Amino acid sequence: MSAVTVSPKQTIKDIMAELPTLLAVAVVETETGMPLASHTNVADFDIETAAAYNTEVVKAKLKAIKALNLNQTVQDILLTLTDQLHLLKLSPTGDKFIYLAVNSRDTNLAQARQIMKMYSASLN
């Protein structure tokens, strides 16, 4: 059974349908930090800057795993802010990741992680 590949734009649409109260979401190229597709529900949320900085978080974690000779892969990265949750979920090959920002009061973390897992699997 082969996996179906979905475009970054379609991935964004699908996540928005599942989490309509999200603050922002983007599919980001891991190497460059450039969003391949993105959406924000908050006018002053700079998704391009957020994608670039979160790319550095992903790269730093991957470098740390390599430096420590850990035989592990990153499942996801959770950043807990005062009233927001920021989730980073790598694609199976690691060349892309989904960045999701949600209000912690409006979103169930387990549900958000499951949605991210489902959609990241179809990115490659």
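Using this note's numbering, the letters of the sequence shown map in sequence onto residues 989 to 1112. Cβ atoms here follow ideal geometry from the backbone N, Cα and C, with glycine treated the same way. Keep in mind the model is a prediction, meaning the values are calculated, not measured.
Check                                                                                                                       : Outcome
Cut-off 8 Å between Cβ atoms - residues of its own chain near VAL1046, not counting five sequence neighbours on either side : THR1018, VAL1062, ILE1065, LEU1076, LEU1078, PHE1085
Buried or exposed (CB count within 10 angstroms, at least 16 for buried), MET1104                                           : buried
For GLU1019, three-class secondary structure by DSSP                                                                        : coil
When PRO1008, ASN1096, ILE1000 are compared against VAL1016, the one with the closest alpha-carbon                          : ILE1000
Beta-carbon proximity list for ALA980, same chain, < 6 Å, skipping 5 on both sides                                          : There is simply no residue 980 to check, as the chain begins at 989 and stops at 1112 in what is shown.
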